[in-house]
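Presented below is the structure to which this report refers.
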Amino acid sequence: GRNTYERSKALCETMVKESGIPKVTIFKPSIIMGTPQHFYPGHFAQFVLLLIKIHQRAEVVRRKFEGSLRLPIIEPVFRFKANPEGKLNLVSLDAVVRAMAEIEDPGSYWLTHPDPPTMQQLVEWVGEFIMVKIKIEPHFKLTPVEAMFEKMSAAFTPYLWGDDSPSDLKDCPLITREFIENTVKRTILS
């Protein structure tokens, strides 16, 4: 695994498979996102909130979403290390719950998005919403703010390079610009 969380999941899967339990079903969801009907801020929203916090943009972003922002805003430039073409496997809570309810046979099931957005798409969408110009660069010397962000987001960092997990999901709603904007908006205003 790429981090402690993934290593602990793999260890637990092995323990369950070796336990002798006759019928085992293992669900392997990716990064779960809430929906308008079932709000769940999740890890992606926490990552975006960290970006907002590190740039002290919370009040500006809140006013933008509420429609009360009047002045032109200077957008800071922020870089982080990632693969722009890497896929960040975000999946809606509803798709995961529906799949878990429908799967009857034992086995391992990847509850991941069959067509997740690229990091470049997500960076453009999020940067536009939070009014921070975000650049993806694989290698560069970090500024103090960028170094602080990298340290604070270390658990999420492995996912920024892309994830090509298989998918056992059918009828999975697309992760769109509007979906991401609504997730960020609900997280900030909650």
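Going by full-length UniProt numbering, the first residue of the sequence shown is number 1, and it counts up by one from there.
Note that beta-carbon positions come from the ideal geometry of N, C-alpha and C, so glycine has one too.
Backbone secondary structure at residue i - three-state DSSP
i: F27; result: strand
i: K170; result: coil
i: I188; result: helix
i: R7; result: helix
i: T14; result: helix
i: R98; result: helix
i: R79; result: strand
i: T118; result: strand
i: M148; result: helix
i: L69; result: coil
i: L50; result: helix
i: F39; result: coil
i: T176; result: coil
Exposure of residue i, with buried meaning 16 or more beta-carbon neighbours within 10 Å
i: F129; result: buried
i: I21; result: exposed
i: N3; result: exposed
i: F140; result: exposed
i: L11; result: exposed
i: S30; result: buried
i: T14; result: exposed
i: P67; result: A small fix is needed here, since residue 67 is Gly in this sequence, not Pro. G67 should be labelled exposed.
i: S167; result: buried
i: P116; result: buried
i: V145; result: exposed
i: T176; result: exposed
i: Y5; result: exposed
i: A154; result: exposed
i: V24; result: exposed
CA nearest to the CA of residue i, picked from the options
i: I26; options: L189, E178, T157 and M100; result: M100
i: I54; options: L174, G34, M131 and M148; result: M148
i: G107; options: V16, R7, Y5 and E6; result: V16
i: M119; options: C172, K28, L50 and K81; result: K81
i: L174; options: M33, V24, Y5 and E18; result: M33
i: W110; options: L69, K28, T157 and E104; result: K28
i: I48; options: T143, S19, I103 and T157; result: Position check: residue 48 holds Val in this sequence, whereas Ile was assumed. Comparing Cα positions, the closest option is T157.
Bridge-paired residues (DSSP) for residue i
i: Y109; result: F27
i: L90; result: I31
i: I136; result: F80
Could you tell me whether the stretch 35 to 45 touches the stretch 82 to 100, where touching means 3 or more Cβ pairs closer than 8 angstroms? yes
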